[in-house]
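> From first to last, the protein sequence lines stand for chains E and S. If you read the first sequence in full-length UniProt numbering, its first letter stands for residue 1, the second for the next number, and so on. If you read the second sequence in full-length UniProt numbering, its first letter stands for residue 1, the second for the next number, and so on.
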Amino acid sequence: MIKAILIFNNHGKPRLIRFYQYFAEDLQQQIIRETFHLVSKRDDNVCNFLEGGSLIGGSDYKLIYRHYATLYFVFCVDSSESELGILDLIQVFVETLDKCFENVCELDLIFHMDKVHYILQEVVMGGMVLETNMNEIVAQVEVQTRMEKSEVKLSRPSG
Amino acid sequence: MALKIVKGSIDRMFDKNLQDLVRGIRNHKEDEAKYISTCIDEIKQELKQDNIAVKANAVCKLTYLQMLGYDVSWAAFNIVEVMSSSKFTYKRIGYLAASQCFHESTDVIMLTTNQIRKDLSSPNQYDTGVALTGLSCFVTPDLARDLANDIMTLMSHTKPYIRKKAVLIMYKVFLKYPESLRPAFPRLKEKLEDPDPGVQSAAVNVICELARRNPKNYLSLAPLFFKLMTSSTNNWVLIKIIKLFGALTPLEPRLGKKLIEPLTNLIHSTSAMSLLYECVNTVIAGHDVNGSPFLPPFSLALFLFLRFQLCVQKLRILIEDSDQNLKYLGLLAMSKILKTHPKSVQSHKDLILQCLDDKDESIRLRALDLLYGMVSKKNLMEIVKKLMLHVDKAEGTTYRDELLTKIIDICSQSNYQYITNFEWYISILVELTRLEGTRHGHLIASQMLDVAIRVKAIRVFAVAQMATLLDNAHLMTGNVQRKGICEVLYAAAWICGEFSEHLENPMQTLEAMLRPKVATLPGHIQAVYVQNAAKLFATLLKNQEGNTDRTAAQETSQLMIDRLPLFVQSANLEVQERASCILQLVKYIQKLQQKDVEVAEEVIALFAGELNPVAPKAQKKVPVPEGLDLDAWINEPPSESESEDEQPKAIFAKEEPKHSRARHTEVDEKELAKRREARKQEQANNPFYIKASPSSQKVYQEAPGVEHIPVVQIDLSVPLKVPGLPMSDQYVKLEEERRQKERVEKKKKEKKKRKEKRGGRGKKHDSGPESEEDITPAHMVDIVTEEMPENALPSDDDDKDPNDPHKALDIDLDKPLADSEKLPVRSHRAAEALKSPAEDGDAESPASQEPKKKSSKEKREKKKDKDGDRKVSVKNGNPTRETALWMYIYGDKKSSKHKKKKQKREKEEKEKKKKKKHHHHHHHSDGGGEESVQNGTVEEEEPLPVSVCHQSFTEIDIQGNLQDGSQVVVSVIFENKCDNFLKTMEFNVLDSLNSKLQRPEGSGPHDGLSVPFQLPPGVSNEARFVFTMQSIVMPQKLKGTLTFIIKDSSTHEKLDFKLHFTCSSYLITTPCYSDAFAKLLESGDLKCSSVRLEGVNMPFHHLLARICFHHHFSVVERIDSCASMYSRSIQGHHVCLLVKTSGQTVSIDAKCDEPTLLGNVLDEIKQTFSQC
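What follows is the structure, encoded as structure tokens:
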């Protein structure tokens, strides 16, 4: 199970947070801060796994993260997930974002947090991996975007 | 007024969308908080508007603000509103917001049940998908129970997109509602072989999650997974399956052998490192479980050929790999081997110690973890010595703290099993106190206490060490940063006090304990200081009185009297109390001393007796005596009637158990004696009862040869004066010497033996390295066992977390389903209540028989499955939560009509019989109710005498949307529940004087309106109709009919229904400020009325939510158990409520300018609560 997915930038500003277990808002922020603190002080050439985030979960949980340019993608998972598998999944997610936004950069995530959520929803659902095939993910996201556009067109003349 | 202003600026505000908000926040870096608070105000205004687009936009912005840490739960109701929009765009925004901020205690969740159900059955697969995704994040036990059946139906949806989501969400449903696991499991199993890989993957995912916690229940699935493993090409699925097998092989060793081949194939063929790693991991996990190696010598040969040479011995290569991820995982895998093959890991000690120097903390921590399992009596000292070096070098407190706890863990594991020399351990602990800024002072302290109490032989040494610590206490307290470590002084003071007879220089220690500086320590430590100073004083007195030098004893008393007042002034209550007690005591002693009375013996008696260690679990293990029922009332609680006073105080009186204090029942002495005797007898016979044998605690056996041990002869005084000096090292050296000596001695002995046995066959060579058993401890250590209560039963279940949700999922899945286990299908409680007796008689099945939605596909599947145990139907469905945002159409219940219906049904029956000969049909009376008009046939499974599934062809939800002064919009959802295509639907209502259906121009007053769509089987769609109302003060019922054509039969069918317009549906939720509300009440234009509700058993906020929700009120103000509420009708009537609750009684005082309307609204509120 994935317990949380956090995306923040090199300064710890959250760009997307998705908790699959309830935490109050202040605790969520504390977790982001703590996670950022743990992750940011690590060199780029050390391993992508991290234990000992005290706030989220216990010993069964670890943080698996990747660092892309200005963004950190952090998944907090338990031992039922394969470490290298999750690393691949992060890659799939980022590549999907890249396809959907066409050369994704931090600004896309800043201004379209909702869309990033919708894309993530096609990858992970309720803490479980839903789809790992990028083409399938992109296809479903696009259909829904089209639906949204057609609804906007419909509502324009009337309202 | 405010509303108008807002309306005027709609356009401006609507302009600010999410992007604008983000841009705004970025442009206001200096006063971000202020800017956001104005934005939140704007959002609040936007949420008050009727336009759903504006609301959705506001909710979208709130989702963003939630990410920034703002609590947006106040908008929960608005989120629900947006969720229930019919437009996908808004619905998605609503569900996203809900999934981000709803949780189990969000009140409004209970209002969403029907909306979610509607979305789940939406014809648009993306509506369903969005609902499933949202639900997966905020599913509650109630939602899980109410929707389990709907979701299960979706598992067989035609679209794989929905199937995979439905399968995945079932795991969440199982967690929240474990009863659903067994009924749903067969279908879940089916989905393992779904043609769509995504669905398959989801099913594997769910079963793996389930099996991880309770693997034994899923052993029967092993063949199926085996098949999947050899056929699937999806790496993700393969990884999950392999992980699952890793959990299953320990339970079924035969599985291991079978796995060799496919795993080998995978290892050879895959290019994915993740898969390769998991394969190796599972091979390792399955290796040698319960003494039956699953890859005996084969493993070596096999892995030598591997690309990464990942066999047990060759994991080393992985760890030496330059890729840090592989290094980490290699160490992780090693910790798994450690459990089964500790020896093979121990040989890599050098490598693991080397990893402790790695720059990566994750790797260092992994290596530390491995060390824990690698220690033995032989290498403990060496390993700890290395760790101590790392402690000195380590930068960053977290890692150092981790090292510290690991050292203590390693040393104390399995009851100090590996410690051969406790003096060494104590000095390690003392050295650890030099650590700067550690948080684990208390950990060191508890170790010191534990060792000193349980290892009697070490007390002399420990006391000496502790005395030095106390003497140098300033080193610990001096620095503010060292606060954590001063906990050690707690242990030091206690040990010095309790075992003061071993002190070399008690006077010096006493002075150290009474230094003024002590007053800066935390209170609980000072208290221990004071108490133990008294113990020390007692010992001193005893020594000094023996010396016949009376002045010394008197000086000691004087010292106490001089120093104690400092503690008497302490702000800490504990310190103060102890100090003043002891001060008085010492003053009294001094008086006696002046009279030359010997007091030492009596003072010593104060602290006589040994303190025994008590196991931490001891309290929990105290068995409940026979005949004591802890759940029974000691005194019956006062009866309800007593507390049902209207005074709010009465409520509290009920909660206070003071009145019902326990009165001990008299048990006569004889009985007691008998019981005592019986208990003793029981204890004697109970093998688990740890008898308080005096030998284990009091008799310390001097081991033969203890005198030879050099350790005892260390000159303690030299190193101990400076606590900072690392002295543990010398023990390592000494230990070596000792072992050497022992070895020599042994050799001698063996030589002797050999001489004696010369010519004998068994020529034992004394081999170089000694084995584990050969190492004898330096001290014959008697580790006192921790005490347990009488009759304590050994049980290991107390380590499990009772709150673990997976405990409830430990369910046998192979047992056939019982009738009582079937999933609840939504049922209509109100309809049952309304059902006429005539109908009940007419219905073949009992009234409780509820309709069951079921796709025909599912039925076909069922027929294939001969077990018959998979049938999911419901006899006593749990009533769903009342969620009526909608006005409902009631099925026609009049007997005259009923006749008509019956005829029609008969007709239908004939037709259907023709079509499906093997099915027997019969009519079900109107099983619908509140929200559905169900008029269909009930099919029977052939072997069963009662009907199990009901198929109605339409379901009508009416949503009352109110606009203008006289118009009401009714949206009707038509759901085709039969197997045939429905077309040419026409909706018609018999107009009354008061209310008319708006028909297009040119049509007559009795013409029906055609429904603008057709309905394929299993599909639902929504149509809206506008009604014009004259007066709204009375509730209305309109009769209507729906005509339609069943495609294949091309006959006209008719369905009668009733539209029920309640007065509440004419009310619009209108916010009102408290001052405006007060003015309104003062104006005196309003008429009064009131109503009392009895037996309402729900929290007040639920009650309010319910009134708000069903009757469209808004809360103006709430104070404790009293709230004022407001609403306005579409024609501008003000309705004000004052709701008060006391116990189970709710009183509602209401005011309205239209008494009839008010009366009806109150009746409806009453009705709402009578249904719950």
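Ideal Cβ placement from N, Cα and C applies to all residues, glycine included.
Compare the Cα-Cα distances from residue 1227/S to each of F1013/S, D194/S, F138/S, F174/S and report the closest residue.
No answer is possible for residue 1227/S: it lies beyond the span of chain S, which begins at 1 and ends at 1172.
> Which residues, in order along the region 260-273 of chain S, keep a beta-carbon less than 9 Å from a beta-carbon of chain E?
A272, M273
> Could you work out which residue in Q21/E, Y65/E, M147/E, D44/E is closest to M1/E when comparing CA atoms only?
Q21/E
> Is T984/S helix, strand or coil by DSSP?
strand
> Could you tell me if L304/S is buried or exposed, where buried requires 16 or more neighbouring beta carbons within 10 angstroms of its beta carbon?
Per-residue confidence for L304/S stands at a pLDDT of 32, beneath the threshold of 50, marking its modelled position as unreliable; no derived number is given.
> Would you give the residue range spanned by the alpha helix (DSSP H) that M466/S belongs to?
459-471
> Does the beta carbon of N17/S sit closer than 8 Å to a beta carbon anywhere in chain E?
Put simply, the CB of N17/S is far from chain E, with every gap to its CB atoms at 8 Å or more.
> Check I444/S in the structure and name its three-state DSSP category.
helix
> Please list the terminal residues of the continuous alpha helix (DSSP H) segment that includes P565/S.
550-568
> Looking at K1039/S and K1058/S, is the spacing between their C-beta atoms short of 8 Å?
yes
> In angstroms, rounded to a whole number, what distance separates the CA positions of F1169/S and D107/S?
17 Å
> Per the DSSP calculation, M1125/S is bridged to which residue(s)?
V1115/S, L1137/S
> Exposed or buried, I383/S, counting other C-beta atoms within 10 Å across all chains shown (16 or more means buried)?
buried
> If you scan the region 1059-1115 of chain S from start to end, which runs of the beta strand (DSSP E) of 3 or more residues do you find wholly inside it?
1087-1093
> Could you tell me the alpha carbon to alpha carbon distance between Q619/S and V72/S, rounded to whole angstroms?
44 Å
> Rounded to a whole number of angstroms, what is the C-alpha to C-alpha distance between V22/S and S99/S?
21 Å
> Taking 8 Å as the cut-off, decide whether the C-beta atoms of A579/S and V530/S are in contact.
yes
> Starting from the Cα of L510/S, find the closest Cα among P522/S, N532/S, H502/S, A519/S and give me that residue.
N532/S
> Can you check the region 194-263 of chain S for any alpha helix (DSSP H) of at least 4 residues that lies completely inside it and give the ranges in chain order?
197-213, 222-231, 235-248
> Does the region 989-999 of chain S come close enough to the region 88-105 of chain S that 3 or more CB-CB pairs lie under 8 Å?
Counting Cβ pairs under 8 Å, fewer than three are found: no touch.
> Answer with buried or exposed for R1092/S, where buried requires no fewer than 16 other C-beta atoms within 10 angstroms of its C-beta.
When all chains shown are included, R1092/S counts as exposed.
> Straight-line CA distance for E702/S to A457/S?
Per-residue confidence for E702/S stands at a pLDDT of 41, beneath the threshold of 50, marking its modelled position as unreliable; the derived number appears in the next sentence. Distance between the alpha carbons of E702/S and A457/S is about 9 Å.
> Examine the Cβ distances between the region 218-234 of chain S and the region 273-282 of chain S and report whether three or more of them are shorter than 8 Å.
no
> Is it the case that the Cβ atoms of D44/E and H11/E are separated by a distance below 8 Å?
no
> Under 8 Å between C-beta atoms, does Q324/S make it to chain E?
yes
> DSSP three-state call for G891/S: helix, strand or coil?
In this predicted model, G891/S has a pLDDT of only 33, less than 50, meaning its place in the structure is not dependable enough to derive any value.
> Residues bridged to C1152/S by DSSP?
K1087/S, V1135/S
> Suppose you measure from the CA of M134/E to the CA of R146/E; what does that come to, to the nearest Å?
18 Å
> Which partner residues does G1040/S have in the DSSP bridge list?
V989/S, F1057/S
> Do the CB positions of E83/E and I64/E come within less than 8 Å of each other?
yes
> Using 8 Å for Cβ pairs, my map puts I1032/S next to Q1131/S. What's the rounded Cβ distance?
6 Å
> Taking the Cβ atom as the reference point for each residue, do T1141/S and S1127/S lie within a distance shorter than 8 Å?
no
> Could you spell out where the beta strand (DSSP E) holding V970/S opens and where it closes?
Start and end: 967-975.
> Under 8 Å, Cβ to Cβ, is there at least one residue of chain E near G1008/S?
no
> If we count the other Cβ atoms within 10 Å of its Cβ and call it buried at 16 or more, is I1119/S buried or exposed?
exposed
> Which residues in chain E have a C-beta closer than 8 Å to the C-beta of C60/S? List them in chain order.
By Cβ distance, chain E contributes D114.
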